[in-house]
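Scroll down for the structure; my scribbles are underneath it.
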Amino acid sequence: MIEHIPGANAGWAAAAGAIDLETGEPTPDIPTQMREALVRLHDAGYNGYHRREPYFRARFGPPIETLRANGYSFDFVASYLIALGGGRAHSLEDLRKIYR
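The opening position of the sequence shown corresponds to residue 25 in this note's numbering, with each subsequent residue numbered one higher.
Right, here's the structure in full:
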């Protein structure tokens with residue numbers, strides 16, 4: 025993958041263990057707690073839910089709050105979710121709305 029905006033695909037690179045062609049080194053792994061939060065968000069089946077019911081908040085809220093509290097940007101989270109096989113365009117736009 026070629027990155028035109030530095031850092032735009034950092035999440036994807038971390039999830040995929042991508043090799044940086046400039047250095048020949050693999051992308052550094054992220055802390056276990058953050059990786060687990062991203063996997064929980066993916067496993068919860070984030071699909072751009074439109075309802076704000078307590079059930080959905082309970083599934084998506086905690087991982088999002090963990091990631092936000094630790095400085096993970098929307099772009100990082102979105103590209104990581106894409107690498108995990110999730111994150112359709114409309115889903116990511118809805119995630120953007122709540123990832124403030």
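Using N, Cα and C, we set each Cβ at its ideal position, and we do this for glycine too.
Would A38 pass as a contact of T47 if the rule is Cβ separation under 8 Å? Not in contact: A38 and T47 (Cβ atoms no closer than 8 Å).
| task | Look up P50 in the DSSP assignment and give the residues it is bridged to. | result | DSSP, once it has assigned bridges, lists I43 as partnering P50.
Q. DSSP three-state call for H66: helix, strand or coil?
A. The answer is helix: DSSP assigns H66 an H, G or I state.
Pull up the distance between the alpha-carbon of L105 and that of P78, whole angstroms please. Approximately 23 Å, taken between the alpha carbons.
**Asked** What's the gap between the Cα of G110 and the Cα of R64?
**Response** Approximately 12 Å between the Cα atoms of the pair.
Find the nearest neighbour of Y36 within the set D118, L108 and M58, judged by alpha-carbon distance. What sits at residue 36 in the sequence shown is Trp, not Tyr. The shortest C-alpha separation from W36 is found at L108.
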